[in-house]
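Residue numbers (full-length UniProt numbering): 1 to 465.
Ideal Cβ placement from N, Cα and C applies to all residues, glycine included.
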């Protein structure tokens, strides 16, 4: 999947036209000031700033233009006071994610400040008016208040750009679903609530669709990918070449299935492959490759988690899928692993993943080649999306540390030890109290600020542990 370009953000810079007769030249001075600020942030986003909005008609005209141009989002700046009421109608017709950034030309009130200086720095109460009007209109918006000189503004706009793009991507996102494990309650959701509130469509396909795509893969394509695998993995010497080739065919077939249907991710229940009768192994390597390619994935028909992994890949740059296996009270960590899938692109950098000829009886099929690895140690976050009724969704987020641990000699699947900041017992207990699910998305690094913005813009509850 292609790496995204910089976000394109429309600028809604607000002032009162009535200030120009009082302070001739103030409008142009503020335009130059904000242009300079945006020029300094050019590495963060491509900003579209045709003019200052001096009245309700300007606000509506610019907002409509940004929507027609299909920008990624809109950022509001108050260059003086401006009436919040006049912003509402424009934004009721708007479909782009919104942010309001409160910054000032000056960092401190000078002893020689005159009415001009006080006027150009008074965006604070215009921002308050606008924020109140948006809140009462039920229009979601992300907010920043701070210096224009430090790194905070740039980080906020980078996070907002990523969150805005993710919200937009989810509105056209499609997730393929192949089967579901009966009785697994926390993966059950209301597809129409997901569609209305979050945007993605869950599309239910038969295993025959995947079979057709696998049959269309050529032997030359398989051979080329097997050669690629040898550059990525240490290959188990016991792995028969034909078994490796079959696993690669499943991967290429599933990738074709995703590409043909425009899916951002998929979920498959393994029993579908065993019961079908045409498959000789489970697609564990396929799932791992597709996660590394940037697709969302979850097991057992969990379309919500596959959607979350796809969204986090868009938001944070890379994402993984797993589940909590046990509390490790001695290590002060949680062991996470699943049947044998994992994003090997997030593996620790000091050693190559091992592609194992693994004995695995689930599905009643032959040994599936399975990538074995642990992730790069460092900061990370584990999260779950829970449907809590109606159109209410809750994202439960635990931040912590991926430990430098890779000593489980007989854990024949990707695994990780995650030490939550809040402690093992408290974190797991809170997970239960919040109704978080047993399938999780994992991202590396410090991503909480970006995830908070995403939740605010998409309108879901965020519960941080």
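Counting every other CB atom within 10 Å of its CB across the protein chains shown gives residue 113 a total below 16, marking it as exposed. Our two residues, residue 33 and residue 99, have alpha carbons roughly 19 Å apart in a direct line.
Per DSSP, residue 102 lies in no alpha helix (DSSP H) segment; the continuous beta strand (DSSP E) that holds it begins and ends at 98 to 102. Unbroken alpha helix (DSSP H) stretches of 4 residues or longer found wholly inside the stretch 89 to 140: 115 to 120, 123 to 136, given in chain order. Per DSSP, the continuous beta strand (DSSP E) segment holding residue 415 begins and ends at 415 to 420. A Cβ-Cβ distance of about 6 Å is found for the pair residue 331 and residue 417, placing them in contact under the 8 Å criterion. When the Cα atoms are used, residue 333 and residue 106 turn out to be separated by approximately 47 Å. DSSP places residue 337 inside the beta strand (DSSP E), whose first and last residues are 333 to 337. Under the 10 Å beta carbon count, residue 439 is surrounded by 16 or more other beta carbons and is classified as buried. With contacts defined as CB atoms closer than 8 Å, residue 260 and residue 179 fail to qualify as a contacting pair.
The stretch 193 to 217 contains, as complete beta strand (DSSP E) runs of 3+ residues, the segments 201 to 204 (chain order). Contact between residue 419 and residue 403 is confirmed by a C-beta separation of about 6 Å, below the 8 Å threshold. When the Cα atoms are used, residue 47 and residue 276 turn out to be separated by approximately 52 Å.
Taken through DSSP and simplified to helix, strand or coil, residue 398 comes out as strand.
For residue 24, the number of other beta carbons within 10 angstroms of its own is below 16, and it is reported as exposed. In this structure, the alpha-carbon of residue 96 lies about 33 Å from that of residue 431.
In the same chain as residue 296, and ignoring 5 residues on each side of it, the C-beta atoms closer than 7 Å to its own belong to 175, 264, 265, 306, 307, 309, 310, 313, in chain order. Take residue 169, set aside five residues on each side of it, and the residues of its chain with a beta-carbon closer than 6 Å to its own are 314, in chain order. Taken atom to atom, the span from the alpha-carbon of residue 19 to that of residue 93 is near 28 Å. A direct Cα-to-Cα measurement between residue 241 and residue 361 gives close to 20 Å. Excluding the 5 residues flanking it on each side, residue 73 has same chain C-beta neighbours closer than 6 Å at 9, 96, 97, 164, in chain order. The beta carbon of residue 346 is closer than 7 Å to those of 318, 320, 375, 376, 444 in its chain, skipping five residues each way along the sequence. For the pair residue 43 and residue 6, the Cα-to-Cα distance works out to about 8 Å.
Taking 8 Å as the cut-off, the beta carbon of residue 288 is found no closer than this to the beta carbon of residue 253.
For residue 234, the closest C-alpha among the options 88, 356, 392 is that of 356.
Residue 189 is not a Cβ neighbour of residue 80, given a cutoff of 8 Å. Here residue 428 carries a helix assignment [DSSP, helix/strand/coil].
In the three-state DSSP reduction, residue 144 falls in the strand class (E or B).
Annotated as proximal: residue 78 and residue 14, with beta-carbon spacing under 8 Å.
Residue pairing by DSSP places residue 439 opposite 323 in a beta bridge. C-alpha of residue 38 to C-alpha of residue 108: approximately 21 Å in a straight line.
For residue 308, the enclosing alpha helix (DSSP H) begins and ends at 303 to 316.
C-alpha of residue 251 to C-alpha of residue 455: approximately 32 Å in a straight line.
DSSP lists 394 as the bridge partner or partners of residue 461. In the displayed model, residue 454 falls within a helix according to three-state DSSP. Between the alpha carbons of residue 86 and residue 67 lies a distance of about 18 Å.
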